[in-house]
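Start counting the sequence shown at 1; every next residue gets the next number (the working numbering).
Just so you know, even glycine gets a beta-carbon here, dropped at the ideal spot from N, CA and C.
Remember, it's a predicted structure, so these values are computed and weren't measured experimentally.
First up is the structure itself, then whatever we jot down about it.
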Amino acid sequence: MEDEFMLYDLKVEVEEGDKPFVCSHQVGDYFLVEGENLIFPANRSFSMYALAAILPLLPAKQRPLDDNDWMKSDEYIACPDPNCGARFHITRTGKRIFYHNETTVVPLEKRER
Ligand SMILES: [Zn+2]
Numbered sequence: 001m002e003d004e005f006m007l008y009d010l011k012v013e014v015e016e017g018d019k020p021f022v023c024s025h026q027v028g029d030y031f032l033v034e035g036e037n038l039i040f041p042a043n044r045s046f047s048m049y050a051l052a053a054i055l056p057l058l059p060a061k062q063r064p065l066d067d068n069d070w071m072k073s074d075e076y077i078a079c080p081d082p083n084c085g086a087r088f089h090i091t092r093t094g095k096r097i098f099y100h101n102e103t104t105v106v107p108l109e110k111r112e113r
């Protein structure tokens, strides 16, 4: 149990912005993030351009963050098409425990910080 760590589960959901959508987004479309996995509802689609804009932020949003960190407070991502009004809302939906030895083959070294 010494090697456990926690990541937040996430939900990323399409919401309306201040302009109409240009892309094929539908309000309410979403995907879930559990550990390394993205989970999409059956028979729903998600723009690969929007996904490309969202992906770099997900590992940080999964982790505990400083209360003063903008990465903790900011939870809306704009569509990368500047003419599209879609917003992608990232919320934390739960906590999940992982174990270092089950997620990597690199040995855990205890270090002074
Ligand atoms: Zn868009």
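Does DSSP classify Thr91 as helix, strand or coil?
strand
Between Asn37 and Asp3, what straight-line distance do the alpha-carbon atoms span, to the nearest angstrom?
21 Å
Decide if His89 is buried, meaning its Cβ has at least 16 other Cβ atoms within 10 Å, or exposed.
exposed
Give me whichever residues DSSP pairs with Ala78 in a beta bridge.
Bridge partners of Ala78: Arg87.
If you measure from the CB of Asp18, is any heavy atom of ligand 1 nearer than 6 Å?
no
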